[in-house]
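In the working numbering, the protein residues as written are 617 to 735.
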């Protein structure tokens, strides 16, 4: 599945105009490049709650046994807005250094990714 990339906006001390949120890709999921300073705002403009599932890529080792870390599921209430992040690079970055997210529904769901700039 080819995920649809989000184009993040980076904040600045002088102020940043946020781009409008864009429709999510419920069929393929979305992704964005992550350096550990990003967060995502999710806007649910529908009448039902949805779940955004952030894929983890980490393991927890006990002795010689490695256990996969469960993906992070975040519920967004009907007509609600949720901010999620920041995303630790070791836990959330894929092999292509992106955070990947799947959606339980895309109807009426928009999102935008923001990267915190440096001072």
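Every residue gets a Cβ at the ideal spot worked out from N, C-alpha and C, and that includes glycine.
Judged by beta-carbon spacing, residue 672 lies within the 8 angstroms limit of residue 708, meaning their Cβ atoms are closer than that value.
Sorting 693, 694, 692, 714 by C-alpha distance to the C-alpha of residue 702 places 714 at the top. Pairwise C-beta distances place the segment 680-688 out of contact with the segment 724-735, as fewer than three of them are shorter than 8 angstroms.
With fewer than 16 other beta carbons inside 10 angstroms of its own, residue 631 counts as exposed.
Residue 658 holds the alpha-carbon nearest to the alpha-carbon of residue 637 among 705, 733, 658. Our two residues, residue 634 and residue 627, have alpha carbons roughly 9 angstroms apart in a direct line.
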